[in-house]
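Trainee:
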Amino acid sequence: MAIELLCLIWSVILGLAHILIAGQARTKELGTKWNSSARDGVQPELNFVTNRLFRAQANFFETFPLFAVVILITAVTQLYSIYSQIGAILYLVARTVYLPLYAFGIPYIRSFVWLIALLGIMLVLFPLLFW
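Under the numbering used here, the residue at position 124 of the sequence shown is numbered 128, and the numbers go up by one with no gaps.
1. Roughly how many angstroms lie between the CA atoms of residue 106 and residue 71, to the nearest whole one?
2. Output the distance between the C-alpha atoms of residue 80 and residue 56, rounded to the nearest integer angstrom.
3. Mind reading off the beta-carbon distance from residue 128 to residue 8? Whole number of angstroms is fine, and I expect it under 8 Å.
4. Is residue 91 helix, strand or coil by DSSP?
5. Which term fits residue 45, buried or exposed, when burial requires 16 or more other beta carbons within 10 angstroms of its beta carbon?
6. Taking only three categories from DSSP, how would you classify residue 109?
7. Can you tell which of 108, 5 and 61 has the C-alpha that lies nearest to the C-alpha of residue 25?
8. Going by alpha carbons, who is nearest to residue 102 out of 51, 35, 63 and 88?
Here is the structure:
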């Protein structure tokens, strides 16, 4: 299997980790009774770490569809290249590192890591546009 597709699979697993980690943090704070309820009322305020986990999750799901699309187009067109390989790896590694950086509130480095993930998407996109 192509490295790009493996990175896509691991990115799906990372997305699931985002959902589970943020959900578990919320359940720990608000309890299983609230979590298993219909949640029709106003959600109580969450602590800063749990809020960061949900923001990191939202941020991941802003970039993941773009990454998935360029990887799938690469696979369909068979335009695999060193650019798509490096880009896929950069995206996966950067997005994995991004989660704890965001959770612990580390500025600047977190933004730099986000840019690396964006560069990864652009590297995968490059051969699709110019070959």
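Virtual Cβ for every residue (Gly too), placed ideally from N, Cα, C. Just so it is clear, the structure is predicted and the values come from calculations on it, not from any experiment.
Mentor: According to the data block:
1. Distance between the alpha carbons of residue 106 and residue 71: 20 Å.
2. Annotation: residue 80 to residue 56 spans about 36 Å, alpha carbon to alpha carbon.
3. With a Cβ gap of about 7 Å, residue 128 and residue 8 count as contacting.
4. DSSP places residue 91 in helix when its eight states are reduced to three.
5. Under a 10 Å Cβ-count criterion, residue 45 is classified as exposed, with fewer than 16 other Cβ atoms of the shown protein chains found around its own Cβ.
6. In this structure, residue 109 counts as coil in the three-state DSSP scheme.
7. The candidate whose alpha carbon is nearest that of residue 25 is 61.
8. Answer by Cα proximity: 63.
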